[in-house]
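> Here it is, the structure in full.
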Amino acid sequence: MADDGTSTPLVERLRDGLRLVSTATQAFAESTSDYRRLLDTIARDVAAAIPDTCIVNLLSGDTITLVAVHEGVPDGAPRLRYVLDQAYPLRVAGLSAEVIAHGRVFMPRVDFEALAAHMNPEGIDQLRRIDTTGLLVLPLATRGELLGVLWVVRRGHRHPPLDELDLEIVQDLANHAALAILNARLIQRLEHSERLRAAEERAVQASRLLDAIIENIPDMVFVKDAAALTFVRLNRASEQLLGLSRDQLIGKTDFDFFPASEAEFFVAKDRETLAANRVVDIAEEPIHTPHGTRWLHTKKVPLLDAAGRPQYLLGISHDITERKQAIAELSAAKAATDDANRELESFSYSVAHDLRTPLRAIDGFSQALAEDYGDRLDAEGRRYLARVRDSAQRMAELIDDLLTLSRVTRSELRRDRVDLSALAHTVLATLQRLDPERRVEIAIAPGLATDADPHLAAIALDNLLGNAWKFTAKRSDARIELGETICDGVAAYYVRDNGAGFDMAYRDKLFGVFQRLHSEAEFPGTGIGLATVARIAKRHRGRIWAEGAPGAGATFYFTLTEQPCRTA
Amino acid sequence: MQDRVIVLVEDNANDEELMLRAFRKSNIGNRVVVLRDGAEALDYFFCRGAHAGRPASDVVQVVLLDLKLPKIDGLDVLRALRADERTRLIPIVILTSSAEDQDLVLGYGLGANSYVRKPVDFTQFVDAVRQLGLYWLVINLAAPA
């Protein structure tokens, strides 16, 4: 030892070694959270300390694995051949196994013949090939735990042979490395258990969520054991419906709570579900509860174990009592409506038959009077008789029109393909035949086909074209038109005439029953026709509207389908 | 000697009188047997009750049958006549105020030969009766008795 400020090479090396050990230890400590990097750091720093090749092997049970290599030789030197992370059984591990069993091997000058007793020929060839001159193999151990084997290989003659000081430094580094590896493993284990704990926590959270979902589903949810059909789980809605707490229910069967016939039905459905191994839907089932009998719509589902056998039965019951009552009320209301309709039907029938009979007598006997005693009446008397007959006939028309209106409302709507153009031709031909003197220009757009009730469509055109015919009677250049236009996206048909027209101020009155805008003397009519057409349009979910002006004709539009959106 | 009669089943006295007047106006000279309810009509056809002794020489040319009748209604009379061997081929014209679809369908379904709605207008009424008479008494060939 010299204290004169000069240093011997040994002191230099010692100082370097201490510095190396110190920085390596620091590097090891910093690497413990990254196991892989730690192993590489160990190999690198040990190799730097020697300075040559370092190989780290780790022991795990009775296998040994090469985990890190640092060659520390210049470019061009022969390279080691190795496979990282391949595990070998300890019994074929040769020198490493030897070191684990008996402690370190230190060969400052390598003796291949001596090594042959401990290594296989390939291993020795490899050592020769990389020009091994010295060898130090020592166990990585700490706190009584054997972690692996560290190989230090001196290659060639660039450095002096390994000596005791190298051994000291490497041993020191190995001790630190072993401790760092142990720490890293502990941290790994800690992290692993931390991950486990987190996973467990997530599982608990998920399970809690599932519980909350099942608990809060507003339908009765229950689970029964597949074999015993005892309740194993129930949610809050079940408790509320049955008026029993789950403590009272768990472990019991349906027979413990419900009348025998009900319980037998439930259990039979349970068995059906489990036997068929499919969802069974029970559209309606009564259940005895403290709130009286409730009606449930229940679905039963088999829950299978890992082997595919039914383990549990899941049941979901929706309380349909209110809905069932509403349906019952609805059908009662419908029955009442049907009754009322039947009454109306029979009333209409009576009107048709009974009211017409006296009218026929009034008309018939007035006629008889005129024929048989006409010569005893003066002109005024005969005119009175004519008025009696006119009135009787007019009343008959009114009755017939009212019956048509009523039939339009009552009859079932049957949509079919209807050719409005063809219908219009037929109607106008009939009008012309009854009134052969009239000259009317007819313009019917061809091929106006629509989906409508053929009978009702005929009544509608009968009325509209009949009106047009009637209100153009006083014109020599009468013109009647049937056409189609698009209104708010749907087909609107129109009947246009150049007849008497009407004042738009009264347009709302056009479609009311018995509403008339002309005197009977001017244009005869019952005031029911347009109301009937309006009802026909309404029955088809369509509508009717009109445009016109006094003396300038009228146009009646109607639709026979629903309009998607309409600005009022 | 055969008496080719018209049978009128009609409960309304006004309609009966108008009908008879219409026959006269149309120069239909056949004897008209008037029956005022369904039960009486069946008695006549099957020669029983008050009509047990009706002339065997009556050969019914056509029956004008109202639907709304006391005791047994028109459709039931029709059903009974069509079900019996003796009367199943007699021409039957339903003559009524009703033009309800259901009456038409039922009437034809039970084997009515014709269905005529009584018009309120007496002129049309006479015209209808005249055409009926012409068809059933002159043009139509009845099945051999």
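Protein sequence lines, in the order shown, are assigned to chains A and B.
To get my numbering, take the position in the first sequence, counting from 1, and add 1.
To get my numbering, take the position in the second sequence, counting from 1, and add 11.
No residue lacks a Cβ here, since even glycine has one placed at the ideal position from N, Cα and C.
Check the Cβ of Gln394 (chain A) against every Cβ in chain B and list those closer than 7 angstroms, keeping chain order.
The residue labelled residue 394 (chain A) in the question sits at position 393 within the first sequence. The answer, in chain order, is Val131 and Asp132.
> Can a CB atom of chain A be found closer than 8 angstroms to the CB of Ala139 (chain B)?
Position 128 of the second sequence, counting from 1, holds the residue named residue 139 (chain B). Not an interface residue.
> Of all the CB atoms in chain B, is at least one closer than 8 angstroms to the CB of Arg411 (chain A)?
Counted from its first residue, the first sequence places residue 411 (chain A) at position 410. Arg411 (chain A) does not count as touching chain B.
> Can you tell me whether DSSP reads Gln113 (chain B) as helix, strand or coil?
Translated into the one-based positions of the second sequence, residue 113 (chain B) becomes position 102. In this structure, Gln113 (chain B) counts as helix in the three-state DSSP scheme.
> Should Arg144 (chain A) and Ala78 (chain A) be called a contact, given that it needs their Cβ atoms to be closer than 8 angstroms?
Locating residue 144 (chain A) in the first sequence gives position 143, where the first residue counts as 1. Locating residue 78 (chain A) in the first sequence gives position 77, where the first residue counts as 1. Going by C-beta atoms, Arg144 (chain A) is not nearer than 8 angstroms to Ala78 (chain A).
> Taking all protein chains shown into account, decide if Gly554 (chain A) is buried (16 or more other Cβ within 10 angstroms of its Cβ) or exposed.
Working through the first sequence from its first residue, we reach residue 554 (chain A) at position 553. It counts as buried.
> Please classify Tyr507 (chain A): does DSSP put it in a helix, a strand, or coil?
Here the question's residue 507 (chain A) lines up with position 506 in the first sequence. Here Tyr507 (chain A) sits in helix by DSSP.
> Mind listing which residues of the region 26-44 of chain B have their C-beta closer than 7 angstroms to chain A's C-betas, in chain order?
Within the region 26-44 of chain B, the residues whose Cβ lies closer than 7 angstroms to some Cβ of chain A are Asp26, Leu29 and Arg32, listed in chain order.
> Which residue from A:Lys510, A:Thr427 and A:His193 puts its Cα closest to that of Ile545 (chain A)?
Locating residue 545 (chain A) in the first sequence gives position 544, where the first residue counts as 1. When only C-alpha atoms are compared, the closest one is A:Lys510.
> Report the partner residues of Tyr495 (chain A) according to the DSSP bridge assignment.
Taking the first residue of the first sequence as position 1, residue 495 (chain A) is located at position 494. DSSP lists A:Gly484 and A:Tyr558 as partners of Tyr495 (chain A).
> Do the CB positions of His298 (chain A) and His319 (chain A) come within less than 8 angstroms of each other?
By one-based count along the first sequence, residue 298 (chain A) stands at place 297. By one-based count along the first sequence, residue 319 (chain A) stands at place 318. Taking 8 angstroms as the Cβ cut-off, His298 (chain A) and His319 (chain A) qualify as a contacting pair.
> DSSP on Asn217 (chain A), reduced to helix/strand/coil?
Position 216 of the first sequence, counting from 1, holds the residue named residue 217 (chain A). If DSSP states are grouped into helix, strand and coil, Asn217 (chain A) belongs with the helices.
> May I ask you to report which of helix, strand or coil DSSP gives Asp212 (chain A)?
Along the first sequence, read from residue 1 onward, the residue named residue 212 (chain A) stands at position 211. Correct three-state label for Asp212 (chain A): helix.
> I need the straight-line Cα distance from Glu27 (chain B) to Ile537 (chain A), nearest angstrom please.
As a first step, residue 27 (chain B) must be located in the second sequence, where it is residue number 16. As a first step, residue 537 (chain A) must be located in the first sequence, where it is residue number 536. The straight-line gap from Cα to Cα measures roughly 39 angstroms.
> Hey, how far is the Cα of Arg440 (chain A) from the Cα of Ala501 (chain A)?
For this step, residue 440 (chain A) is matched to residue 439 along the first sequence. For this step, residue 501 (chain A) is matched to residue 500 along the first sequence. Straight-line Cα distance between these residues: approximately 16 angstroms.
> Suppose the cutoff is 7 angstroms on Cβ atoms and the five residues either side in sequence are ignored; what does the same chain contact list for Leu1 (chain A) look like?
Look at the range of chain A in this structure, 2 to 569, and you will see that residue 1 (chain A) is not part of it.
> Quick check on the burial criterion: 16 or more other C-beta atoms within 10 angstroms. Buried or exposed for Gly6 (chain A)?
In the first sequence, residue 6 (chain A) corresponds to position 5, counting from 1. Only weak support is given to the placement of Gly6 (chain A): the predicted model assigns it a pLDDT of 49, under 50, and the value that follows is read from those uncertain coordinates. Exposed.
> I believe Ala393 (chain A) touches Asp364 (chain A) by the beta-carbon criterion, under 8 angstroms. Please report the beta-carbon distance rounded to the nearest angstrom.
Here residue 393 (chain A) refers to the residue found at position 392 of the first sequence. Here residue 364 (chain A) refers to the residue found at position 363 of the first sequence. At roughly 4 angstroms, the Cβ-Cβ gap stays under 8 angstroms, so Ala393 (chain A) and Asp364 (chain A) are in contact.
> Of the choices A:Val111, A:Leu137 and A:Ile445, whose alpha-carbon is the least far from that of Arg129 (chain A)?
Here residue 129 (chain A) refers to the residue found at position 128 when the first sequence is read from its first residue. Of the listed residues, the one whose Cα sits closest to Arg129 (chain A) is A:Val111.
> In whole angstroms, what is the alpha-carbon distance linking Glu572 (chain A) and His71 (chain A)?
Only positions 2 to 569 of chain A appear in the structure, and residue 572 (chain A) is not among them; the question remains open.
> Measure the Cβ-Cβ separation of Val352 (chain A) and Ile283 (chain A) and say whether it is below 8 angstroms.
Counting from one through the first sequence, the residue named residue 352 (chain A) turns up at place 351. Counting from one through the first sequence, the residue named residue 283 (chain A) turns up at place 282. It is not a contact, given that the beta carbons lie outside the stated cut-off.
> So Lys79 (chain B) contacts chain A; which residues on that side make the cut at Cβ distance below 7 angstroms?
Reading the second sequence from its first residue, position 68 is the one you call residue 79 (chain B). Correct list: His354.
> List the DSSP bridge partners of Trp296 (chain A).
Position 295 of the first sequence, counted from the first residue, corresponds to residue 296 (chain A). Paired residue(s): A:Pro287.
> Spell out whether any CB of chain B is found under 8 angstroms from the CB atom of Asp478 (chain A).
Numbered from its first residue, the first sequence carries residue 478 (chain A) at position 477. False, the Cβ-Cβ gap to chain B never drops below 8 angstroms.
> Cutting at 6 angstroms between CB atoms, please list the residues of its own chain near Leu80 (chain B), excluding the five before and the five after it.
The residue you call residue 80 (chain B) lines up with position 69 of the second sequence. Around Leu80 (chain B): Asp22, Asp48 and Gly49.
> Cα separation between Pro31 (chain B) and Glu398 (chain A)?
Here residue 31 (chain B) refers to the residue found at position 20 when the second sequence is read from its first residue. Here residue 398 (chain A) refers to the residue found at position 397 when the first sequence is read from its first residue. It should be pointed out that residue 31 (chain B) corresponds to Leu in this sequence rather than to Pro. Rounded to the nearest angstrom, the two C-alpha atoms are 25 angstroms apart.
> Strictly under 8 angstroms for the Cβ-Cβ distance: is Arg415 (chain A) near chain B by that measure?
Against the first sequence, residue 415 (chain A) aligns to sequence position 414. So, not an interface residue.
> Enumerated in chain order, which unbroken segments of the beta strand (DSSP E) with a length of 3 residues or greater are wholly contained in the region 36-70 of chain A?
Listed in chain order, the complete beta strand (DSSP E) runs (minimum 3 residues) inside the region 36-70 of chain A are 54-61.
> Since Val43 (chain B) and Ile83 (chain B) are thought to touch, with beta carbons under 8 angstroms apart, how far apart are those beta carbons, to the nearest angstrom?
In the second sequence, the residue the question calls residue 43 (chain B) occupies position 32. In the second sequence, the residue the question calls residue 83 (chain B) occupies position 72. So it is not a contact: roughly 21 angstroms between Cβ atoms.
> Measuring alpha carbon to alpha carbon, tell me which of B:Gln135, B:Ile101, B:Asp112 and B:Ala91 ends up nearest Asp69 (chain B).
Translated into positions along the second sequence, residue 69 (chain B) becomes position 58. With distances taken between Cα atoms, Asp69 (chain B) lies closest to B:Ile101.
> Contact criterion: CB-CB distance below 8 angstroms. Does Gln326 (chain A) meet it with respect to chain B?
Within the first sequence, residue 326 (chain A) is the residue found at index 325, counting from 1. No - not a single Cβ of chain B is within 8 angstroms of the one on Gln326 (chain A).
> Considering only their Cβ atoms, is the gap separating Arg90 (chain B) from Arg99 (chain B) smaller than 8 angstroms?
As a position in the second sequence, residue 99 (chain B) is number 88, starting the count at 1. As a position in the second sequence, residue 90 (chain B) is number 79, starting the count at 1. Result no, Cβ atoms of Arg99 (chain B) and Arg90 (chain B) do not sit closer than 8 angstroms.
> Are any of the Cβ atoms in chain B nearer than 8 angstroms to that of Ala506 (chain A)?
The sequence position of residue 506 (chain A) within the first sequence is 505, counting from 1. Not an interface residue.
> Tell me the rounded alpha-carbon separation between Cys58 (chain B) and Val104 (chain B).
By 1-based counting over the second sequence, the position of residue 58 (chain B) is 47. By 1-based counting over the second sequence, the position of residue 104 (chain B) is 93. Each residue's Cα considered, the two are about 21 angstroms apart.
> Can you check the region 433-493 of chain A for any alpha helix (DSSP H) of at least 4 residues that lies completely inside it and give the ranges in chain order?
Counting only runs of 4 or more, we get 455-472.
> Considering just the uninterrupted stretch of the alpha helix (DSSP H) at Leu137 (chain A), what are its terminal residues?
Counting from 1 along the first sequence, the entry for residue 137 (chain A) is found at position 136. Not the alpha helix (DSSP H): Leu137 (chain A) falls in the beta strand (DSSP E), residues Thr133 to Thr143.
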